[in-house]
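Asker: Residue numbers (the numbering used here): 23 to 273.
There's a structure below that I have some questions on.
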(Lines of atoms letter the chains of each structure in order from A; the text may use other names.)
(Lines give C-alpha, C1' and ligand atoms only; values in the text may rest on other atoms or scores of the structure.)
Protein backbone atom coordinates (compact mmCIF):
# COMPACT_ATOMS: atom_id res chain seq x y z
CA UNK A 23 0.00 0.00 0.00
CA UNK A 24 1.36 3.39 -0.98
CA UNK A 25 1.58 6.02 1.73
CA UNK A 26 2.41 9.74 1.70
CA UNK A 27 6.07 10.69 1.52
CA UNK A 28 7.22 10.96 5.14
CA UNK A 29 10.77 11.99 4.32
CA UNK A 30 10.18 15.64 5.07
CA UNK A 31 9.97 17.25 8.48
CA UNK A 32 7.10 16.31 10.77
CA UNK A 33 5.15 19.49 10.01
CA UNK A 34 4.91 18.37 6.39
CA UNK A 35 3.28 15.01 7.10
CA UNK A 36 -0.43 15.02 6.25
CA UNK A 37 -2.59 15.32 9.35
CA UNK A 38 -4.16 11.85 9.46
CA UNK A 39 -6.90 12.87 11.89
CA UNK A 40 -7.89 15.60 9.41
CA UNK A 41 -7.63 13.12 6.53
CA UNK A 42 -9.98 10.63 8.17
CA UNK A 43 -12.40 13.28 9.39
CA UNK A 44 -12.61 14.69 5.86
CA UNK A 45 -13.02 11.21 4.41
CA UNK A 46 -16.37 11.17 6.24
CA UNK A 47 -17.28 14.67 5.07
CA UNK A 48 -16.32 14.28 1.39
CA UNK A 49 -18.96 11.63 0.53
CA UNK A 50 -21.65 13.95 1.86
CA UNK A 51 -20.98 16.49 -0.88
CA UNK A 52 -23.16 15.84 -3.91
CA UNK A 53 -24.23 17.55 -7.10
CA UNK A 54 -27.64 17.46 -8.74
CA UNK A 55 -29.36 15.78 -5.81
CA UNK A 56 -30.47 16.54 -2.28
CA UNK A 57 -29.03 14.54 0.60
CA UNK A 58 -31.83 13.38 2.86
CA UNK A 59 -30.08 10.86 5.12
CA UNK A 60 -29.37 13.26 7.96
CA UNK A 61 -29.53 12.20 11.59
CA UNK A 62 -28.82 15.60 13.12
CA UNK A 63 -28.77 19.16 11.90
CA UNK A 64 -25.71 20.31 13.82
CA UNK A 65 -22.51 18.40 14.62
CA UNK A 66 -22.47 19.71 18.19
CA UNK A 67 -25.42 17.46 18.96
CA UNK A 68 -23.23 14.39 18.69
CA UNK A 69 -23.12 13.21 15.08
CA UNK A 70 -20.92 10.14 14.99
CA UNK A 71 -19.86 7.49 12.53
CA UNK A 72 -18.88 3.84 12.95
CA UNK A 73 -15.35 3.45 14.33
CA UNK A 74 -12.81 2.50 11.72
CA UNK A 75 -9.05 2.62 11.44
CA UNK A 76 -7.98 5.47 9.16
CA UNK A 77 -6.33 4.05 6.06
CA UNK A 78 -4.79 5.92 3.18
CA UNK A 79 -5.89 4.99 -0.34
CA UNK A 80 -3.57 2.85 -2.40
CA UNK A 81 -3.42 5.57 -5.02
CA UNK A 82 -2.53 8.35 -2.58
CA UNK A 83 0.73 9.06 -4.35
CA UNK A 84 -0.50 8.36 -7.87
CA UNK A 85 -2.31 10.48 -10.40
CA UNK A 86 -6.08 10.42 -10.34
CA UNK A 87 -7.57 7.30 -11.90
CA UNK A 88 -8.74 7.37 -15.48
CA UNK A 89 -12.45 8.10 -15.41
CA UNK A 90 -13.24 6.92 -18.93
CA UNK A 91 -13.28 10.41 -20.38
CA UNK A 92 -15.67 11.77 -17.78
CA UNK A 93 -14.67 15.06 -16.21
CA UNK A 94 -13.81 14.74 -12.53
CA UNK A 95 -14.76 17.24 -9.88
CA UNK A 96 -11.71 19.45 -9.33
CA UNK A 97 -10.38 20.45 -5.90
CA UNK A 98 -7.97 23.26 -5.00
CA UNK A 99 -6.38 22.89 -1.56
CA UNK A 100 -5.24 26.14 0.10
CA UNK A 101 -2.77 26.12 3.00
CA UNK A 102 -2.43 22.52 1.87
CA UNK A 103 0.50 21.33 3.99
CA UNK A 104 1.41 17.78 3.02
CA UNK A 105 -2.06 17.03 1.66
CA UNK A 106 -4.38 15.91 4.48
CA UNK A 107 -7.47 17.32 2.79
CA UNK A 108 -6.39 16.08 -0.61
CA UNK A 109 -5.88 12.46 0.45
CA UNK A 110 -9.44 12.29 1.76
CA UNK A 111 -10.99 13.86 -1.32
CA UNK A 112 -8.95 11.82 -3.77
CA UNK A 113 -10.04 8.70 -1.89
CA UNK A 114 -13.64 9.67 -2.67
CA UNK A 115 -12.97 10.11 -6.39
CA UNK A 116 -12.36 13.85 -6.58
CA UNK A 117 -9.50 15.21 -8.73
CA UNK A 118 -6.85 17.26 -6.87
CA UNK A 119 -6.02 20.10 -9.25
CA UNK A 120 -3.54 21.91 -7.05
CA UNK A 121 -2.20 22.75 -3.64
CA UNK A 122 -1.05 26.12 -2.33
CA UNK A 123 1.21 26.81 0.63
CA UNK A 124 4.12 29.09 1.49
CA UNK A 125 6.16 26.28 3.06
CA UNK A 126 8.46 24.67 0.50
CA UNK A 127 8.95 21.48 2.55
CA UNK A 128 5.20 20.94 2.77
CA UNK A 129 4.85 21.52 -0.96
CA UNK A 130 7.55 18.94 -1.69
CA UNK A 131 5.52 16.38 0.26
CA UNK A 132 2.29 17.50 -1.42
CA UNK A 133 3.88 17.03 -4.84
CA UNK A 134 4.98 13.52 -3.91
CA UNK A 135 1.47 12.64 -2.83
CA UNK A 136 -0.31 14.21 -5.83
CA UNK A 137 1.99 13.91 -8.79
CA UNK A 138 -0.60 15.12 -11.31
CA UNK A 139 -1.45 18.26 -9.33
CA UNK A 140 0.14 21.68 -9.32
CA UNK A 141 1.96 22.74 -6.15
CA UNK A 142 2.36 26.51 -5.90
CA UNK A 143 4.19 28.61 -3.34
CA UNK A 144 2.05 31.66 -2.63
CA UNK A 145 1.80 33.81 0.47
CA UNK A 146 -1.95 34.26 0.76
CA UNK A 147 -1.48 37.15 3.19
CA UNK A 148 -0.29 39.25 0.25
CA UNK A 149 -2.99 40.74 -2.03
CA UNK A 150 -0.80 40.57 -5.16
CA UNK A 151 -0.16 36.86 -4.70
CA UNK A 152 -3.83 36.14 -4.05
CA UNK A 153 -4.65 37.95 -7.29
CA UNK A 154 -2.15 35.86 -9.24
CA UNK A 155 -3.56 32.67 -7.75
CA UNK A 156 -7.13 33.59 -8.67
CA UNK A 157 -6.08 34.39 -12.24
CA UNK A 158 -4.45 30.95 -12.46
CA UNK A 159 -7.52 28.98 -11.33
CA UNK A 160 -10.59 31.09 -12.11
CA UNK A 161 -13.30 29.01 -13.77
CA UNK A 162 -11.37 25.76 -13.33
CA UNK A 163 -12.24 24.70 -9.77
CA UNK A 164 -15.38 23.11 -8.30
CA UNK A 165 -14.30 22.78 -4.66
CA UNK A 166 -11.87 24.83 -2.56
CA UNK A 167 -10.62 23.36 0.71
CA UNK A 168 -8.45 25.19 3.22
CA UNK A 169 -6.89 24.59 6.60
CA UNK A 170 -5.40 28.00 7.38
CA UNK A 171 -3.06 28.31 10.40
CA UNK A 172 -4.92 27.84 13.67
CA UNK A 173 -2.56 29.24 16.39
CA UNK A 174 -4.10 32.69 15.95
CA UNK A 175 -7.44 31.28 17.09
CA UNK A 176 -6.45 28.51 19.49
CA UNK A 177 -5.25 28.97 23.04
CA UNK A 178 -1.85 27.49 22.20
CA UNK A 179 0.92 29.75 20.93
CA UNK A 180 -1.37 32.76 20.63
CA UNK A 181 1.13 35.53 19.97
CA UNK A 182 0.78 38.90 18.22
CA UNK A 183 2.55 37.40 15.22
CA UNK A 184 0.21 34.41 15.07
CA UNK A 185 -2.85 36.63 15.42
CA UNK A 186 -1.94 38.19 12.09
CA UNK A 187 -2.70 34.88 10.40
CA UNK A 188 -6.37 34.98 11.41
CA UNK A 189 -7.28 36.93 8.27
CA UNK A 190 -6.19 33.95 6.18
CA UNK A 191 -9.53 32.33 6.99
CA UNK A 192 -11.29 35.21 5.24
CA UNK A 193 -8.76 35.28 2.40
CA UNK A 194 -9.25 31.57 1.69
CA UNK A 195 -13.01 31.99 1.50
CA UNK A 196 -12.61 35.01 -0.78
CA UNK A 197 -10.28 33.08 -3.09
CA UNK A 198 -12.86 30.29 -3.28
CA UNK A 199 -15.56 32.75 -4.30
CA UNK A 200 -13.27 34.54 -6.76
CA UNK A 201 -12.25 31.38 -8.65
CA UNK A 202 -15.91 30.41 -8.97
CA UNK A 203 -15.96 27.36 -6.69
CA UNK A 204 -19.39 25.98 -5.80
CA UNK A 205 -18.20 24.33 -2.61
CA UNK A 206 -15.85 25.96 -0.06
CA UNK A 207 -14.62 24.09 3.00
CA UNK A 208 -12.63 25.62 5.86
CA UNK A 209 -11.15 23.71 8.83
CA UNK A 210 -9.66 25.39 11.89
CA UNK A 211 -9.47 25.41 15.68
CA UNK A 212 -12.80 25.29 17.49
CA UNK A 213 -12.29 28.83 18.78
CA UNK A 214 -12.58 30.14 15.23
CA UNK A 215 -16.31 29.41 15.13
CA UNK A 216 -17.44 32.59 16.89
CA UNK A 217 -14.58 34.78 15.70
CA UNK A 218 -15.13 38.04 13.77
CA UNK A 219 -13.23 36.48 10.88
CA UNK A 220 -15.55 33.48 10.63
CA UNK A 221 -18.62 35.68 10.88
CA UNK A 222 -17.26 37.94 8.14
CA UNK A 223 -16.55 34.95 5.90
CA UNK A 224 -19.98 33.41 6.46
CA UNK A 225 -21.68 36.73 5.79
CA UNK A 226 -19.83 37.11 2.49
CA UNK A 227 -20.74 33.57 1.45
CA UNK A 228 -24.42 34.03 2.24
CA UNK A 229 -24.46 37.35 0.38
CA UNK A 230 -23.20 35.53 -2.71
CA UNK A 231 -25.91 32.89 -2.50
CA UNK A 232 -24.08 30.11 -0.68
CA UNK A 233 -25.78 27.88 1.87
CA UNK A 234 -23.49 27.80 4.90
CA UNK A 235 -23.10 24.86 7.27
CA UNK A 236 -20.86 25.59 10.25
CA UNK A 237 -20.13 23.83 13.52
CA UNK A 238 -17.59 22.25 15.82
CA UNK A 239 -17.00 18.52 15.49
CA UNK A 240 -14.96 16.14 17.63
CA UNK A 241 -12.78 13.95 15.42
CA UNK A 242 -13.22 11.09 17.91
CA UNK A 243 -16.90 10.98 16.93
CA UNK A 244 -15.88 10.41 13.32
CA UNK A 245 -13.71 7.35 13.82
CA UNK A 246 -10.44 9.02 14.86
CA UNK A 247 -8.86 7.61 18.08
CA UNK A 248 -8.24 11.11 19.39
CA UNK A 249 -10.44 13.81 20.91
CA UNK A 250 -9.82 16.76 18.65
CA UNK A 251 -12.45 19.44 18.32
CA UNK A 252 -12.31 21.33 15.04
CA UNK A 253 -14.37 24.07 13.43
CA UNK A 254 -15.75 23.19 10.00
CA UNK A 255 -17.32 25.68 7.62
CA UNK A 256 -18.86 24.06 4.55
CA UNK A 257 -20.55 26.31 2.01
CA UNK A 258 -22.43 25.06 -1.06
CA UNK A 259 -24.07 26.81 -3.98
CA UNK A 260 -26.36 26.02 -6.86
CA UNK A 261 -26.89 22.31 -7.45
CA UNK A 262 -24.38 21.29 -4.80
CA UNK A 263 -25.69 19.93 -1.51
CA UNK A 264 -24.21 18.91 1.83
CA UNK A 265 -25.50 17.26 5.00
CA UNK A 266 -23.63 16.24 8.13
CA UNK A 267 -22.90 12.49 8.21
CA UNK A 268 -25.38 10.20 9.92
CA UNK A 269 -24.91 9.46 13.60
CA UNK A 270 -24.81 5.73 14.23
CA UNK A 271 -22.16 4.89 16.83
CA UNK A 272 -19.75 6.35 19.38
CA UNK A 273 -16.01 5.76 18.87
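Beta carbons are placed, not taken as given, at the ideal position from N, Cα and C, and that holds for glycine.
Tell me which residue opens and which closes the alpha helix (DSSP H) that residue 227 is part of.
Answerer: The sequence position of residue 227 within the chain shown is 205, counting from 1. From DSSP, the alpha helix (DSSP H) with residue 227 extends over 218 to 229.
Asker: Tell me whether the beta-carbon of residue 195 lies closer than 8 Å to the beta-carbon of residue 146.
Answerer: Numbered from its first residue, the chain shown carries residue 195 at position 173. Numbered from its first residue, the chain shown carries residue 146 at position 124. No, the Cβ-Cβ distance between residue 195 and residue 146 is not below 8 Å.
Asker: Could you pull the start and end residues of the beta strand (DSSP E) that residue 122 belongs to?
Answerer: Along the chain shown, one-based indexing puts residue 122 at 100. Per DSSP, residue 122 belongs to the beta strand (DSSP E) from 117 to 123.
Asker: Could you check whether residue 202 and residue 256 sit closer than 8 Å to each other, using their CB atoms as the reference points?
Answerer: Residue 256 sits at position 234 when you count from the first residue of the chain shown. Residue 202 sits at position 180 when you count from the first residue of the chain shown. Result no, Cβ atoms of residue 256 and residue 202 do not sit closer than 8 Å.
Asker: Could you spell out where the alpha helix (DSSP H) holding residue 189 opens and where it closes?
Answerer: Counting from one through the chain shown, the residue named residue 189 turns up at place 167. First-last of the alpha helix (DSSP H) with residue 189: 189 to 201.
Asker: What does the alpha-carbon distance come out to for the pair residue 266 and residue 155?
Answerer: Within the chain shown, numbered from 1, the residue matching residue 266 stands at position 244. Within the chain shown, numbered from 1, the residue matching residue 155 stands at position 133. Rounded to whole angstroms, residue 266 to residue 155 spans 30 Å at the Cα level.
Asker: So, helix, strand or coil for residue 146, using DSSP?
Answerer: The residue labelled residue 146 in the question sits at position 124 within the chain shown. When DSSP states are grouped into helix, strand and coil, residue 146 belongs to the coil group.
Asker: Out of curiosity, what's the CA-to-CA distance linking residue 264 and residue 47?
Answerer: For this step, residue 264 is matched to residue 242 along the chain shown. For this step, residue 47 is matched to residue 25 along the chain shown. Going from the Cα of residue 264 to the Cα of residue 47 covers about 9 Å.
Asker: Between residue 131 and residue 106, is the Cβ-Cβ spacing less than 8 Å?
Answerer: Here residue 131 refers to the residue found at position 109 of the chain shown. Here residue 106 refers to the residue found at position 84 of the chain shown. Cβ atoms of residue 131 and residue 106: not closer than 8 Å.
Asker: Judging by CA-CA distance, which residue of 229, 238, 200, 198 is the nearest neighbour of residue 216?
Answerer: Counting from 1 along the chain shown, the entry for residue 216 is found at position 194. Checking every option, the nearest Cα to that of residue 216 belongs to 238.
Asker: With respect to the beta strand (DSSP E) encompassing residue 138, which residues constitute its N-terminal and C-terminal limits?
Answerer: Counted from its first residue, the chain shown places residue 138 at position 116. Premise fails: residue 138 is in no beta strand (DSSP E) and is neither H nor E.
Asker: Tell me the rounded alpha-carbon separation between residue 44 and residue 152.
Answerer: Locating residue 44 in the chain shown gives position 22, where the first residue counts as 1. Locating residue 152 in the chain shown gives position 130, where the first residue counts as 1. Rounded to the nearest angstrom, the two C-alpha atoms are 25 Å apart.
Asker: Under the three-state reduction of DSSP, which class applies to residue 73: helix, strand or coil?
Answerer: Taking the chain shown and counting its residues from 1, one reaches residue 73 at position 51. Per-residue confidence for residue 73 stands at a pLDDT of 28, beneath the threshold of 50, marking its modelled position as unreliable; the derived number appears in the next sentence. Coil, per DSSP.
Asker: Please name the residue, chosen from 187, 259, 241, 211, that lies closest to residue 148 on a Cα-to-Cα basis.
Answerer: The residue labelled residue 148 in the question sits at position 126 within the chain shown. Nearest of 187, 259, 241, 211 to residue 148, Cα basis: 187.
Asker: Mapping the DSSP letters down to three states, classify residue 185 as helix, strand or coil.
Answerer: As a working note, residue 185 is residue 163 in the chain shown. Three-state DSSP puts residue 185 in a helix.
Asker: Check each candidate in 100, 200, 168 and name the one with the smallest Cα separation from residue 160.
Answerer: Numbered from 1 along the chain shown, position 138 holds the residue referred to as residue 160. The residue with the shortest Cα to Cα distance from residue 160 is 200.
Asker: Under 8 Å, do residue 98 and residue 166 count as touching if we go by C-beta distance?
Answerer: Along the chain shown, read from residue 1 onward, the residue named residue 98 stands at position 76. Along the chain shown, read from residue 1 onward, the residue named residue 166 stands at position 144. Yes, they are a contact pair.
Asker: Could you tell me which residues DSSP puts in a beta bridge with residue 99?
Answerer: Within the chain shown, numbered from 1, the residue matching residue 99 stands at position 77. Answer is 121, 167, bridged to residue 99.
Asker: Would you mind working out which of 219, 168, 236 sits nearest residue 108, comparing C-alpha positions?
Answerer: What you label residue 108 is simply residue 86 of the chain shown in a count that begins at 1. The shortest C-alpha separation from residue 108 is found at 168.
Asker: With a threshold of 16 other CB atoms inside 10 Å of the CB of residue 248, please say whether the residue is buried or exposed.
Answerer: Within the chain shown, numbered from 1, the residue matching residue 248 stands at position 226. Under this definition residue 248 is an exposed residue.
Asker: Anyone know if the C-beta pair for residue 101 and residue 173 falls short of 8 Å?
Answerer: Counted from its first residue, the chain shown places residue 101 at position 79. Counted from its first residue, the chain shown places residue 173 at position 151. Residue 173 is positioned such that its CB atom lies no closer than 8 Å to that of residue 101.
Asker: Whose C-beta lies closer than 6 Å to the C-beta of residue 219 among residues of the same chain, with five residues either side of it excluded?
Answerer: In the chain shown, the residue the question calls residue 219 occupies position 197. Contacts found: 188, 191, 192.
Asker: Let me make sure I understand the geometry here. Which of 183, 141, 236 has the alpha-carbon closest to that of residue 213?
Answerer: Position 191 of the chain shown holds residue 213. Out of 183, 141, 236, 236 has the C-alpha closest to the C-alpha of residue 213.
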